[in-house]
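One structure is given here, and the rest of the page talks about it.
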Ligand SMILES: [Ca+2]
Ligand SMILES: [Ca+2]
Ligand SMILES: [Ca+2]
Ligand SMILES: [Ca+2]
Ligand SMILES: [Ca+2]
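Chains as they are written, first to last, in this note's numbering: chain V, 1 to 505; chain Y, 1 to 505.
Below is the structure:
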């Protein structure tokens with residue numbers, strides 16, 4: 001395979017991106033010569049583009065030229081005017097349902113059967129849920145001691161994790177949008193990696209009551225500790241330890257068994273994206289995702305603001321009108337949410353995205369959607385909702401890495417695959433996170449933070465299928481507990497971050 | 001002093017509250033007999049109240065009777081209809097400026113002079129600011145090692161604290177309301193307890209750029225580490241440790257000296273309030289606050305939704321029209337913020353408040369305002385703003401304990417006094433928190449979590465002045481580092497929680 005210097009994706013594209021930074025005078029292809037120095041991953045005009053004409057990449061219009069652009073010019077983010085977003089009222093559904101998905105080389109993994117049915121666990125964790133941040137201080141003291149004194153007694157248990165968060169009190173708990181944070185919390189209690197053991201720490205006077213969090217029959221002294229009923233700090237820590245001890249005893253009985261991949265629930269997201277993300281890491285993840293879907297697994301992608309400009313592309317992949325309607329309603333909700341805050345979808349791209357060559361949200365969207373492969377979309381979820389179908393799912397969440405990660409956890413993912421172009425040490429305490437980078441120099445630089453390098457796709461040294469298959473195997477190894485990903489090795493844990501669109505009071 | 005069983009505050013009140021739970025048949029006063037069992041801290045009708053008639057406590061209308069109430073009946077939260085809130089357009093300012101404040105028994109304390117002028121420090125802490133949550137995992141690994149390996153070498157430094165938070169990326173950074181979180185972050189860098197040493201950890205591609213956080217001349221390699229420029233996890237941890245080492249060296253030179261109380265900045269808030277909060281703990285804190293103000297200190301109270309129903313009472317205490325106008329604008333902003341979320345001020349009270357006898361937000365407001373004593377209000381701050389005046393200040397923040405605490409930290413408080421009725425183990429990593437309880441049985445139960453008991457005021461065993469003076473001395477001892485409060489002893493640290501009314505993207 002040859003070595004690429006420039007990547008043109010679609011035959012209609014009038015730009016290509018640079019695989020490495022180039023100097024003025026470099027010959028791009030045939031009769032195109034760079035008019036100036038161009039940074040890595042940035043766009044170069046392949047033809048003259050007149051003011052107002054479309055700039056095309058991925059075969060779609062990224063925007064319209066604000067000034068006239070000469071063949072060989074660097075096209076940066078200040079040279080495009082954003083097109084109007086696809087209309088949510090004129091969508092077509094189920095017109096692009098791909099059925100020839102790649103065959104998975106493996107059909108099972110070693111996982112923890114979930115006691116209540118549904119998804120399997122990939123880790124065996126004592127998850128301690130808090131109803132409100134007030135309890136954080138005492139709980140952290142107890143967790144330190146639980147990890148030191150109790151966890152070593154239960155060798156089959158991987159970790160003890162306190163789900164501290166900023167929700168629970170001082171919030172408008174009766175606001176319509178409070179449904180989102182409450183659902184996130186409810187579903188976290190039942191995360192597959194927590195093995196059906198419920199340990200909830202409540203203060204006693206908070207707005208997020210036990211009745212909102214648990215089913216009535218679960219509200220038992222063995223599952224719930226209410227601090228205002230216990231005699232002070234030392235007594236609270238003692239109670240927490242005794243509760244943890246009996247939960248750890250039960251968790252220690254869990255055993256990995258061979259399970260079909262249809263028991264797996266996987267989340268995909270990207271963060272710190274660059275222009276390579278959409279041609280290397282994300283499509284490779286999409287290829288792996290297609291294999292998991294073909295094996296019957298549940299795979300979700302998210303990040304509403306980031307895929308909004310490709311809504312029509314997602315809509316065509318929705319299996320039916322009902323799924324499509326849910327997609328439209330989630331996207332409309334988000335449009336209105338941004339509007340209330342006096343911003344729009346252009347608020348998404350970061351300085352890092354732009355430095356990485358992503359000129360605007362349209363270009364970012366095309367790359368972001370690539371991670372979902374080609375599978376039909378069987379269901380659309382509101383933030384933190386649990387799937388009812390198996391297959392590829394669009395889980396509507398913010399694009400914020402930690403908020404998306406937390407929403408996907410609430411939706412039940414037990415493995416997350418995270419694609420990055422600029423690089424992030426992101427990780428979760430509740431599930432392993434495999435990090436995939438989009439370019440070789442990030443892997444060279446961050447060897448101990450990046451699990452899989454998709455950079456060779458950009459240089460032409462590997463295909464999307466090859467890296468996708470490599471990633472597939474890595475996902476099986478990590479899910480089966482035969483391998484730790486680097487975020488686990490270094491215990492890189494981002495905080496559980498609730499999506500609360502309702503007011504703080 | 002006698003022992004109270006029932007507390008009637010104002011001569012016009014037609015209710016009193018029970019100091020302890022009472023049974024049906026108990027004689028309240030003269031000719032009033034309880035018609036039913038009444039929980040501790042709840043209201044009892046002292047006269048017959050017809051349907052639609054006002055229920056009065058603190059001399060103000062808490063609400064209107066939904067049904068007719070007989071003398072001796074228990075009045076619970078379902079029996080009142082909320083009055084309309086005080087109009088923000090017809091406020092009177094500067095009509096109640098009290099000048100005879102109680103004299104402070106002490107006029108100095110032992111504090112750390114702040115290198116940039118302004119407020120003094122009460123603790124000597126290496127505060128490590130993050131621009132974005134992405135860096136949390138690696139930073140926490142570094143902090144663990146810094147505390148174990150470096151901190152013991154610098155005996156004059158109290159602690160190393162990472163300011164992790166959920167802001168920085170995946171947020172609408174250009175939204176009008178983003179001014180609040182950005183200001184909070186900017187001001188935290190300069191917290192007096194951090195001694196003017198700047199240590200900022202950035203990822204490199206986030207939306208909250210270094211330029212938004214720091215002044216241009218502070219953006220130096222010695223103050224800022226950008227992870228995307230460092231070669232992976234282990235190298236990042238090593239760089240963080242070397243940076244921390246040079247900062248700790250400088251902090252270790254800080255020495256406590258005798259300073260006037262006018263160098264102190266104190267924050268007041270309450271949480272988990274009950275019907276006693278407004279007659280014991282809060283007025284005692286208000287008395288102590290008046291003494292600090294008399295000594296020239298800066299003292300702030302907050303919690304907009306909670307004091308909204310007493311806006312007119314705060315307005316009368318504003319020193320002039322300009323301060324009053326800022327009060328109105330902050331309160332209007334909050335009214336609109338709640339309205340956008342389809343809720344109103346009635347969203348504030350918690351189930352715990354109600355269980356504790358607080359029927360609604362009017363009753364809670366009267367108790368909440370009591371913590372500010374009687375001093376004239378010299379300034380009103382937007383959330384996270386720094387004061388420009390000394391004296392009593394209204395810092396407009398949410399009432400949420402951790403959000404209010406974080407906003408007050410950004411405003412520069414180096415000591416917080418926290419009043420509670422129901423009990424909370426709340427604490428902050430960045431400044432000591434003295435906890436004051438409103439009733440004896442909470443102190444009995446939570447002896448190792450409550451620093452000061454204001455309960456004897458309810459039973460008549462102590463006066464507001466006595467407990468207020470006791471609290472004043474406790475505040476001096478803790479500020480001077482001669483005493484640790486219980487939240488410090490147990491390292492009870494609530495997370496720094498940014499107030500971000502703008503959308504997540
Ligand atoms: Ca993304
Ligand atoms: Ca993301
Ligand atoms: Ca309060
Ligand atoms: Ca509060
Ligand atoms: Ca935390």
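Glycine included, every Cβ here is placed at the ideal spot set by N, Cα and C.
In chain Y, which residues lie less than 7 Å from residue i when you measure between Cβ atoms?
i, result
"residue 504 (chain V)", "398, 400, 403 and 499"
"residue 176 (chain V)", "342"
"residue 449 (chain V)", "232 and 233"
"residue 134 (chain V)", "401, 424, 425 and 426"
"residue 78 (chain V)", "Residues of chain Y passing the Cβ test: none, with the nearest at roughly 16 Å."
Determine the chain V residues that contact residue i at a beta-carbon separation under 9 Å, and present them in chain order.
i, result
"residue 191 (chain Y)", "What residue 191 (chain Y) touches in chain V: nothing, since even the nearest Cβ is about 19 Å away."
"residue 493 (chain Y)", "136, 137 and 140"
Against residue i, what residues of chain V qualify as contacts under a CB-to-CB distance less than 7 Å, listed in chain order?
i, result
"residue 228 (chain Y)", "422 and 423"
"residue 127 (chain Y)", "Ordered by position in chain V, no residue passes the 7 Å Cβ test against residue 127 (chain Y), which lies about 18 Å from the chain."
"residue 58 (chain Y)", "Per Cβ cutoff of 7 Å: no residues; residue 58 (chain Y) is ~22 Å from chain V at best."
Alpha carbon to alpha carbon, how far is residue j from residue i? Give it in angstroms, no decimals.
i, j, result
"residue 432 (chain V)", "residue 374 (chain V)", "25 Å"
"residue 9 (chain Y)", "residue 363 (chain Y)", "12 Å"
"residue 164 (chain Y)", "residue 112 (chain V)", "33 Å"
"residue 557 (chain V)", "residue 241 (chain Y)", "In this structure chain V extends from 1 to 505, so residue 557 (chain V) is not present and cannot be described."
"residue 294 (chain V)", "residue 99 (chain V)", "9 Å"
"residue 157 (chain V)", "residue 444 (chain V)", "34 Å"
"residue 313 (chain Y)", "residue 82 (chain Y)", "18 Å"
"residue 195 (chain V)", "residue 499 (chain V)", "24 Å"
"residue 104 (chain V)", "residue 17 (chain V)", "32 Å"
"residue 340 (chain Y)", "residue 337 (chain V)", "10 Å"
"residue 305 (chain V)", "residue 60 (chain Y)", "48 Å"
"residue 283 (chain Y)", "residue 463 (chain Y)", "10 Å"
"residue 75 (chain Y)", "residue 43 (chain Y)", "5 Å"
"residue 108 (chain V)", "residue 476 (chain V)", "8 Å"
"residue 177 (chain Y)", "residue 420 (chain V)", "29 Å"
"residue 256 (chain V)", "residue 390 (chain V)", "22 Å"
"residue 110 (chain Y)", "residue 259 (chain Y)", "6 Å"
"residue 439 (chain Y)", "residue 458 (chain Y)", "7 Å"
Among all the DSSP beta bridges, which residues are the ones paired with residue i?
i, result
"residue 379 (chain Y)", "Y:393"
"residue 256 (chain Y)", "In the DSSP output, where bridge partners are listed per residue, residue 256 (chain Y) has none listed."
"residue 169 (chain Y)", "Beta-bridge pairing links residue 169 (chain Y) to no other residue."
"residue 418 (chain V)", "V:269 and V:435"
"residue 109 (chain Y)", "Y:259"
"residue 74 (chain Y)", "Y:44"
"residue 199 (chain V)", "V:128"
"residue 138 (chain V)", "Bridge partners of residue 138 (chain V): none, in fact."
Going along chain Y, which residues have a C-beta under 8 Å from residue i?
i, result
"residue 172 (chain V)", "338, 341, 343 and 347"
"residue 445 (chain V)", "231 and 232"
"residue 355 (chain V)", "205"
"residue 305 (chain V)", "505"
Give a single yes or no on whether residue i has its beta carbon closer than 8 Å to a heavy atom of ligand 6.
i, result
"residue 363 (chain Y)", "Questions concerning ligand 6 fall outside what the structure shown contains, since the ligands it does hold are ligand 1, ligand 2, ligand 3, ligand 4 and ligand 5."
List the residues of chain V that residue i touches, going by C-beta distances under 8 Å, in chain order.
i, result
"residue 112 (chain Y)", "Neighbours of residue 112 (chain Y) on chain V: none; closest Cβ ~24 Å, over 8 Å."
"residue 389 (chain Y)", "Here the premise fails: no neighbours, minimum Cβ distance about 27 Å."
"residue 351 (chain Y)", "205, 206, 207 and 209"
Applying a beta-carbon distance threshold of less than 9 Å, which residues of chain Y neighbour residue i?
i, result
"residue 154 (chain V)", "Under the 9 Å cutoff, chain Y gives no residues; its nearest Cβ is about 23 Å from residue 154 (chain V)."
"residue 272 (chain V)", "134, 169, 203, 204, 205, 206 and 228"
Taking 8 Å as the threshold, find out whether the stretch 416-428 of chain V comes into contact with the stretch 478-494 of chain V through three or more Cβ pairs.
yes
For the stretch 350-362 of chain V against the stretch 199-217 of chain Y, are there 3 or more C-beta pairs whose distance is under 8 Å?
yes
Among all residues, which have a Cβ less than 6 Å from at least one non-hydrogen atom of ligand 2, and in what chain order do they fall?
V:269, V:270, V:271, V:303, V:399, V:401 and V:404
I'd like to know if the stretch 434-441 of chain V and the stretch 450-460 of chain V are in contact, where contact means that at least 3 CB-CB pairs between them fall below 8 Å.
yes
Assess contact between the stretch 370-385 of chain Y and the stretch 190-203 of chain V, defined as three or more Cβ pairs (one per stretch) separated by less than 8 Å. Is contact present?
no
With a cut-off of 8 Å, do at least 3 Cβ pairs link the stretch 138-147 of chain Y to the stretch 160-180 of chain Y?
yes
Sufficient close CB pairs (3 or more, under 8 Å) joining the stretch 43-56 of chain Y to the stretch 17-29 of chain Y:
yes
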